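Numbering (my numbering), first residue to last: 1 to 242.
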Ligand SMILES: Nc1ncnc2c1ncn2[C@@H]1O[C@H](COP(=O)(O)OP(=O)(O)O)[C@@H](O)[C@H]1O
Ligand SMILES: [Mg+2]
């Protein structure tokens, strides 16, 4: 089994969209997958058609004193997700101030999920905080999502990344000369740069508007083909070899 954390090198890189898209692509290849939304923003669920008014989720359950397992939902056979759940402003602050309380429970919860799912995908919010550090530490591998722009390029030089990070390029537009150059530079200079790219594709934006994972919304678009290739790469390179 594999616990894979996806985190953007910056916000908006596409970590949440790729978590849903990868879950769908792996599931199409016959894998049992669960995704977990580890951001209080509670957006991952929207890729899995959850009604916007539904408050269910692991963080909501923690505040209500309910078992976290009850927050899991099934999107398709072998494809489950755990939303964060809706919290009010005070609850959000409580969560931000005392992340350790929740990170300790996740260490146990991941161990329980490992008994049931060969693939556990963690959608981790961008940023280096006690919460994100604790969540990344639970993963076997971290997929650091980069987009080919100056912002990410600077961050790649200024920030440190967990030793088990792999860089995945998203929102690549090969028509842009600047992006071609950054792509070449990263291929040649970044250790652990995954030799596959996910293109910038209108279908990715539309998929969220349609509340579906990318591959379900438009299976043969460029980005979905890229995701399927990446899922196959993940089966070979990321699955724990037992
Ligand atoms: N490859 C892509 N092509 C086009 N739009 C994308 C792509 N990846 C992500 N997006 C869009 O970018 C926005 C931010 O994506 P999101 O997954 O929420 O980022 P993050 O979780 O890293 O903050 C969303 O509106 C999403 O539809
Ligand atoms: Mg996100």
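No residue lacks a Cβ here, since even glycine has one placed at the ideal position from N, Cα and C. Every value quoted in this text rests on a predicted model; they were computed, and no experiment measured them.
Going by C-alpha to C-alpha distance, which of the options sits closest to residue i?
i: residue 90; options: 63, 103, 46; result: 63
i: residue 214; options: 49, 39, 56; result: 49
i: residue 174; options: 187, 191, 200; result: 200
i: residue 160; options: 170, 142, 121, 177; result: 142
i: residue 47; options: 117, 14, 67; result: 14
i: residue 31; options: 163, 121, 87, 86; result: 121
i: residue 55; options: 88, 105, 76; result: 88
i: residue 164; options: 125, 183, 136; result: 136
Which residues in the same chain have their Cβ closer than 7 Å to the Cβ of residue i, if we skip the five residues on either side of it in sequence?
i: residue 131; result: 99, 103
i: residue 74; result: 80
i: residue 240; result: 1, 2, 140
i: residue 236; result: none
i: residue 134; result: 99, 103
i: residue 223; result: 198, 199, 201, 203, 204, 214
Among the residues of its own chain, which have a CB less than 6 Å from the CB of residue i, if the five just before and after it don't count?
i: residue 114; result: 1
i: residue 37; result: 44, 83, 84, 123
i: residue 33; result: 23, 26, 27, 79, 119
i: residue 190; result: 167
Considering only heavy atoms of ligand 1, does any lie closer than 8 Å to the CB of residue i?
i: residue 16; result: yes
i: residue 183; result: no
i: residue 210; result: no
i: residue 198; result: yes
i: residue 100; result: no
Who are residue i's beta bridge partners in DSSP?
i: residue 45; result: DSSP, once it has assigned bridges, lists no residue as partnering residue 45.
i: residue 144; result: 7, 167
i: residue 34; result: 80, 120
i: residue 191; result: According to DSSP, which records beta bridges pairwise, residue 191 is partnered with nothing at all.
i: residue 207; result: Its beta-bridge partners do not exist; DSSP assigns none.
Can you list, in chain order, the residues of its chain whose CB lies under 8 Å from that of residue i, leaving out five sequence neighbours each side?
i: residue 242; result: Reliability fails at residue 242, whose pLDDT of 43 lies under 50, so the model's placement of it is uncertain and the value that follows must be treated cautiously. Contacts found: none.
i: residue 67; result: 61
Any heavy atom of ligand 2 within a distance shorter than 8 Å of the CB on residue i?
i: residue 127; result: no
i: residue 57; result: no
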